[in-house]
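**Student:** There's a structure below that I have some questions on.
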Amino acid sequence: MTKFLSSPIFMGIVASSFLLTFYFFLMRLLTGSFETAWWQFSTLWPYMTSLSAGFGIQSGLYVSLKNKIKGGSRKMMVGNSSTSTLGMIACCAHHLTDVLPLLGLSLLTSLLIQFQKEILLLAILSNLASIIYLIRLKRKI
Numbered sequence: 001m002t003k004f005l006s007s008p009i010f011m012g013i014v015a016s017s018f019l020l021t022f023y024f025f026l027m028r029l030l031t032g033s034f035e036t037a038w039w040q041f042s043t044l045w046p047y048m049t050s051l052s053a054g055f056g057i058q059s060g061l062y063v064s065l066k067n068k069i070k071g072g073s074r075k076m077m078v079g080n081s082s083t084s085t086l087g088m089i090a091c092c093a094h095h096l097t098d099v100l101p102l103l104g105l106s107l108l109t110s111l112l113i114q115f116q117k118e119i120l121l122l123a124i125l126s127n128l129a130s131i132i133y134l135i136r137l138k139r140k141i
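Shown next as structure tokens:
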């Protein structure tokens with residue numbers, strides 16, 4: 001059982017599922033409605049699924065590397081998991097428009113809304129770069 005739990009495929013699926021769960025939790029928290037979260041997801045599904053799948057692949061590669069060597073590529077994993085999370089948050093950010101103007105952050109809100117897809121694309125490209133890096137690293141070992 002322990003071997004299964006530490007398998008790269010299992011951990012990739014868990015990581016990918018966690019990121020999508022985080023998205024729906026955050027959207028539900030910000031909008032108060034699961035239906036709104038689902039509508040937003042259905043609007044941006046190519047970005048969201050690519051981001052989630054990329055994060056899952058990256059996590060699986062990390063576990064695979066960690067199984068081969070002690071310590072793994074922890075810095076790369078931490079950096080890109082942060083980028084994936086930021087991408088998911090950017091997707092939800094326009095729902096902060098109800099609160100941020102009260103805090104005097106109207107410009108930030110406007111920028112997040114305006115560049116939502118670009119931020120998601122940047123996060124996807126960051127995941128892709130990390131996946132390529134981890135594959136190259138794995139081939140060297």
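With the first letter of the sequence shown counted as 1, position 103 gets the number 103 in this note's numbering; the numbers rise by one all the way through. Don't be surprised by glycine CBs; every beta carbon is placed ideally from N, CA and C.
Rank I119, G56, Y47 by C-alpha distance to the C-alpha of S130 and give the top, closest one.
**Tutor:** When each option's Cα is compared against that of S130, the closest is G56.
**Student:** Can the beta-carbon of M48 be found closer than 9 angstroms to that of L20?
**Tutor:** Cβ atoms of M48 and L20: closer than 9 angstroms.
**Student:** One question on the structure: do I161 and L51 come within less than 9 angstroms of each other, judged by their Cβ atoms?
**Tutor:** Any question about residue 161 goes unanswered here, given that the chain covers just 1 to 141.
**Student:** Check for me: the alpha helix (DSSP H) holding G56 runs from which residue to which?
**Tutor:** Per DSSP, G56 belongs to the alpha helix (DSSP H) from 34-68.
**Student:** Does the distance from the C-beta atom of S64 to that of K138 stay below 9 angstroms?
**Tutor:** Yes; because the gap between Cβ atoms is below 9 angstroms, this pair is in contact.
**Student:** If we ignore side chains and look at the alpha-carbon of each, how far apart do H94 and S110 end up?
**Tutor:** Caution applies to H94, whose pLDDT of 48 falls short of 50 and renders its modelled position unreliable; the model cannot decide the point.
**Student:** For the alpha helix (DSSP H) holding I141, just list the boundary residues, first then last.
**Tutor:** Element bounds for I141: n/a, residue is neither H nor E.
**Student:** Could you give the first and the last residue of the continuous alpha helix (DSSP H) run that contains F18?
**Tutor:** Its alpha helix (DSSP H) spans residues 8-31.
**Student:** Tell me which residues share the same chain as A145 and place their Cβ nearer than 7 angstroms to its Cβ, disregarding the 5 neighbours each side in the sequence.
**Tutor:** Residue 145 is absent from the structure shown; the chain starts at 1 and stops at 141.
**Student:** If we ignore side chains and look at the alpha-carbon of each, how far apart do L120 and K3 end up?
**Tutor:** So the alpha carbons of these two residues sit roughly 34 angstroms apart.
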